[in-house]
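Okay, so here's the structure we're looking at.
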Amino acid sequence: MEMCFACKKCRKVFRKDMTNYEEEDEFCPNCDNHYVIPAKTPAMGLAVEGDDPRLQKDFRKKQAQFVEEDFMSDRMG
């Protein structure tokens, strides 16, 4: 089974036979660039994804209320 590959460095297209794929086939035949990237294995972990507005507090709202109360107390006497 043949597959077509494109090298990002020299921008040339080439074919590789995948039935007998070996370690030296990981390099571009034109410029010798190593085009195969090692795969990352998935690792378990806990993480928070996304931007949920319920998780983020905006402290500026409280500060704005205190500032308005200060201005109003000066005006009312």
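Under our numbering, think of the first position of the sequence shown as -17, with each following residue one higher.
Glycine is no exception: its CB is placed at the ideal position from the N, C-alpha and C atoms.
All values reported here derive from a predicted model rather than from experimental measurement.
Per DSSP, the beta-bridge partners of V(-5) are A(-12).
Annotation for M(-15): R(-3), K(-2), M0 place their beta carbon closer than 8 Å to its own, counting only its chain and skipping 5 residues before and after. If you compare the alpha carbons of M(-17), K(-10), E5 with that of P20, the shortest gap goes to E5.
The closest CA to that of F9, considering only Y3, P24, V18, is found on V18.
The C-beta distance from N12 to K(-6) rounds to 5 Å, short enough to fall under 8 Å. Looking at the backbone, the Cα of C(-8) and that of H16 are separated by about 12 Å.
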